[in-house]
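Q: The structure that follows is given in the form of structure tokens.
There are 2 protein chains.
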Amino acid sequence: MRKLKTERQPEILDAALAIADEHGLDALTMRAVAERIGVTPMAIYGYFRNKNELLDGLVGRLLTSLPQALPGESWDQRLGAFAWATRRLARDHPGVFPLLFARPSVTPDAVAVVDLIYQALIDAGVPDADVPRIERLITTFVLGFATSEANGRFSASGDGIRSRRARGDFPAHQRLLAHLDSPADLDAEFAADLADLVRIIRPV
Amino acid sequence: MRKLKTERQPEILDAALAIADEHGLDALTMRAVAERIGVTPMAIYGYFRNKNELLDGLVGRLLTSLPQALPGESWDQRLGAFAWATRRLARDHPGVFPLLFARPSVTPDAVAVVDLIYQALIDAGVPDADVPRIERLITTFVLGFATSEANGRFSASGDGIRSRRARGDFPAHQRLLAHLDSPADLDAEFAADLADLVRIIRPV
DNA sequence: CCGTGTCAGTCTACGCTGTAGAGCAGTCTA
DNA sequence: TAGACTGCTCTACAGCGTAGACTGACACGG
Numbered sequence: 001m002r003k004l005k006t007e008r009q010p011e012i013l014d015a016a017l018a019i020a021d022e023h024g025l026d027a028l029t030m031r032a033v034a035e036r037i038g039v040t041p042m043a044i045y046g047y048f049r050n051k052n053e054l055l056d057g058l059v060g061r062l063l064t065s066l067p068q069a070l071p072g073e074s075w076d077q078r079l080g081a082f083a084w085a086t087r088r089l090a091r092d093h094p095g096v097f098p099l100l101f102a103r104p105s106v107t108p109d110a111v112a113v114v115d116l117i118y119q120a121l122i123d124a125g126v127p128d129a130d131v132p133r134i135e136r137l138i139t140t141f142v143l144g145f146a147t148s149e150a151n152g153r154f155s156a157s158g159d160g161i162r163s164r165r166a167r168g169d170f171p172a173h174q175r176l177l178a179h180l181d182s183p184a185d186l187d188a189e190f191a192a193d194l195a196d197l198v199r200i201i202r203p204v
Numbered sequence: 205m206r207k208l209k210t211e212r213q214p215e216i217l218d219a220a221l222a223i224a225d226e227h228g229l230d231a232l233t234m235r236a237v238a239e240r241i242g243v244t245p246m247a248i249y250g251y252f253r254n255k256n257e258l259l260d261g262l263v264g265r266l267l268t269s270l271p272q273a274l275p276g277e278s279w280d281q282r283l284g285a286f287a288w289a290t291r292r293l294a295r296d297h298p299g300v301f302p303l304l305f306a307r308p309s310v311t312p313d314a315v316a317v318v319d320l321i322y323q324a325l326i327d328a329g330v331p332d333a334d335v336p337r338i339e340r341l342i343t344t345f346v347l348g349f350a351t352s353e354a355n356g357r358f359s360a361s362g363d364g365i366r367s368r369r370a371r372g373d374f375p376a377h378q379r380l381l382a383h384l385d386s387p388a389d390l391d392a393e394f395a396a397d398l399a400d401l402v403r404i405i406r407p408v
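Line by line, the protein sequences give chains A and B. Under this note's numbering, the residue at position 18 of the first sequence is numbered 18, and the numbers go up by one with no gaps. Under this note's numbering, the residue at position 37 of the second sequence is numbered 241, and the numbers go up by one with no gaps.
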């Protein structure tokens, strides 16, 4: 089988995504996917060359579910829409989302997303030569924030420290004790971060 | 064996890190680590409860190798030192580095790094209430940038597009063609990004 | 009507993984 | 000298991704 079949690819990806959402990335095995769609494991290899390519397909699927640009919107509205949609994606699929960081994809879907951001930056008046860098800066932050949230990097960290006896060694923590509860309102934090980033863009 | 032995832990982590650096994260198996230090695989379980905890130990090891603050430096020097050291870490250990995103750690080492950044932000005049958020913003970006680099998310993406016939569908790419070579000088880009971020901090 | 080709899916098996559980030689202490 | 403890080994198992051979259903040309 040189060429791959495509008809049931979406069905397979649906099953894979559901498994990862329900039981975590570790539970995403070829056998589990196969069982879910009612075939034997080897049947999947007619649609994806191996598990890695199935995972690639999965990130492609995530990317397509990002919104297209609506023509009437201003550049900062479009940028915001991308950012919030990305973050929602991470919350909906915390198991799979971190793969976006690991598997750079150059599928048309991925390029379309980048193009959307390029256009927003151009409309914002960013000089052409700076646009690709600023795009990388923004997507890196947005992806990083969403991934951190999905992986619990934010929620777990602050809590322990105040109870820890060793906090004498950490003077800045000591001083900031009042502000150290793990951030209850990540929505507000994300919004504030985006506002700060937009301030980078505006006057460039 | 309830309590874990500690004496050979560093030796084991050294071996694990070397394997990951030389042959990638996939090659980092208990058997490979064991063989490298000349024991059987099960001997490792006297030092780490399981592979996951060994990986946790590995990220702890990365964190300790970050530089401590030098007293004489200004806040932006300290911030820059952290950022560049983090990025160097990712370049030196591209296989392991992404684990920093996946495994939030609250070891004293991790807290020490955060404390260093807190202190720099305080010295920069950031209001106490904003310090934790800005710290998360900065580390998220720095970690994200370094991870992207380690995973090749930056280098692979730009190249194909100009040769792709479909670029008509991507007007912004079309317009930016001249600036779309995959960024040759990531050093300069990282420096520019840091400068932009510092501009967020300064007037807050 | 009969071969024959194509194709989707199955079956079996292999090497590799993490790790549980039992055992074993050497050293320290009573 | 007996016994406990310690650091390690040995064996074994279930589960993983996947190669290779196979099967049964359908379509089609003679």
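All C-beta atoms, glycine included, are put in the ideal place defined by N, C-alpha and C.
(1) Using only alpha-carbon positions, find the residue among B:249, B:380, B:393 that is nearest to residue 128 of chain A.
(2) Looking at chain B, is there any beta carbon in it that lies within less than 9 Å of the beta carbon of residue 251 of chain A?
(3) Identify the contact partners of residue 308 of chain B in chain A, using a Cβ-Cβ distance below 9 Å as the criterion.
(4) Return the first residue and the last residue of the alpha helix (DSSP H) that residue 375 of chain B is part of.
(5) Give, in chain order, every residue of the segment 211-233 of chain B whose Cβ lies closer than 8 Å to some Cβ of chain A.
(6) What residue range is occupied by the uninterrupted alpha helix (DSSP H) comprising residue 234 of chain B?
(7) With a threshold of 7 Å on Cβ separation, who are the neighbours of residue 186 of chain A within its own chain once the five nearest residues in sequence on each side are excluded?
(8) With a threshold of 9 Å between beta carbons, is residue 118 of chain A in contact with chain B?
(9) Should residue 71 of chain A go down as buried or exposed, given a rule of 16 or more other Cβ atoms within 10 Å for buried?
(10) Does the pairing of the segment 319-326 of chain B with the segment 294-305 of chain B give three or more beta-carbon distances under 8 Å?
(11) Pick from A:52, A:30, A:169: whose alpha carbon is nearest that of residue 43 of chain A?
(12) Using a C-beta cutoff of 9 Å, does residue 169 of chain A count as contacting chain B?
(13) Is residue 267 of chain B close to chain A, meaning its C-beta is less than 9 Å from at least one C-beta of that chain?
(14) Write down the C-beta distance between residue 20 of chain A and residue 355 of chain B rounded to the nearest angstrom, noting that I regard them as a contact closer than 8 Å.
(15) Give the interface partners of residue 159 of chain B over in chain A, defined as CB-CB distance under 8 Å, in chain order.
(16) Give the straight-line distance between the Cα atoms of residue 317 of chain B and residue 266 of chain B, rounded to the nearest whole angstrom.
(17) Just to confirm the assignment: which complete alpha helix (DSSP H) runs, minimum length 4, are found wholly within the segment 238-303 of chain B?
(18) Using a C-beta cutoff of 9 Å, does residue 348 of chain B count as contacting chain A?
(19) Quick one: does residue 197 of chain A have its CB under 9 Å from some CB of chain B?
(20) With a threshold of 8 Å on Cβ separation, who are the neighbours of residue 252 of chain B within its own chain once the five nearest residues in sequence on each side are excluded?
(21) Is there a C-beta anywhere in chain B that falls below 9 Å from the one on residue 189 of chain A?
(22) Determine whether the beta carbon atoms of residue 124 of chain A and residue 201 of chain A lie at a separation below 9 Å.
(23) Compare the C-alpha of residue 304 of chain B against each of B:387, B:310, B:263, B:226 and name the closest.
(24) Does DSSP put residue 214 of chain B in a helix, in a strand, or in coil?
(25) Have a look at residue 192 of chain B and residue 188 of chain A and give me their C-alpha separation to the nearest angstrom.
(26) Applying the criterion that 16 or more other CB atoms from any shown protein chain within 10 Å of the CB defines a buried residue, is residue 339 of chain B buried or exposed?
(27) For residue 384 of chain B and residue 347 of chain B, what's the separation of their Cα atoms in angstroms?
(28) Assuming residue 313 of chain B contacts residue 137 of chain A (C-beta within less than 8 Å), just tell me the rounded distance between them.
(29) Which same chain residues, not among the five before or five after residue 32 of chain A, have their C-beta less than 7 Å away from its C-beta?
(30) Roughly how many angstroms lie between the CA atoms of residue 255 of chain B and residue 38 of chain A, to the nearest whole one?
(31) Among B:218, B:394, B:387, which one has its Cα closest to the Cα of residue 300 of chain B?
A: Concretely, from the data shown:
(1) The residue from B:249, B:380, B:393 with its alpha-carbon nearest to that of residue 128 of chain A is B:380.
(2) The structure shown has nothing for residue 251 of chain A, since chain A only spans 1 to 204.
(3) Residues of chain A passing the Cβ test: 148, 151, 152, 153, 154, 155, 156, 157.
(4) Element bounds for residue 375 of chain B: 375-379.
(5) Those would be none; no residue qualifies.
(6) Looking at the DSSP string, the run of the alpha helix (DSSP H) that includes residue 234 of chain B is 234-241.
(7) Excluding the 5 residues flanking it on each side, residue 186 of chain A has same chain C-beta neighbours closer than 7 Å at 149, 154, in chain order.
(8) Yes, residue 118 of chain A lies at the interface with chain B (some Cβ there is under 9 Å from its Cβ).
(9) Label assigned to residue 71 of chain A: exposed.
(10) Touching, no.
(11) Relative to the Cα of residue 43 of chain A, the nearest Cα in the group A:52, A:30, A:169 belongs to A:30.
(12) Proximity of residue 169 of chain A to chain B, defined by a Cβ-Cβ separation below 9 Å, is satisfied.
(13) No, its Cβ sits nowhere closer than 9 Å to a Cβ of chain A.
(14) That belief does not hold up - the Cβ atoms of residue 20 of chain A and residue 355 of chain B are roughly 19 Å apart, past 8 Å.
(15) Residue 159 of chain B lies beyond the range of chain B shown here (205 to 408); nothing can be said about it.
(16) Rounded to whole angstroms, the gap between the alpha carbons of residue 317 of chain B and residue 266 of chain B is 11 Å.
(17) Here the runs fully enclosed are 255-268, 279-296.
(18) Yes, because at least one Cβ of chain A sits closer than 9 Å to the Cβ of residue 348 of chain B.
(19) Yes - at least one Cβ of chain B is within 9 Å of the one on residue 197 of chain A.
(20) Hits under 8 Å: 208, 213, 216, 258, 261.
(21) Residue 189 of chain A counts as touching chain B.
(22) Contact: yes.
(23) For the residues B:387, B:310, B:263, B:226, the minimum Cα distance to residue 304 of chain B belongs to B:263.
(24) Helix.
(25) What is shown of chain B runs 205 to 408, which leaves residue 192 of chain B out entirely.
(26) Counting C-beta atoms within 10 angstroms of its own C-beta, residue 339 of chain B has 16 or more neighbours from the protein chains shown and is therefore classed as buried.
(27) Approximately 24 Å, taken between the alpha carbons.
(28) No, residue 313 of chain B and residue 137 of chain A are not in contact; Cβ-Cβ is about 28 Å, not under 8 Å.
(29) A distance below 7 Å between beta-carbons, with the five flanking residues on each side excluded, links residue 32 of chain A to the following residues of its chain, in chain order: 19.
(30) Approximately 33 Å, taken between the alpha carbons.
(31) With distances taken between Cα atoms, residue 300 of chain B lies closest to B:218.
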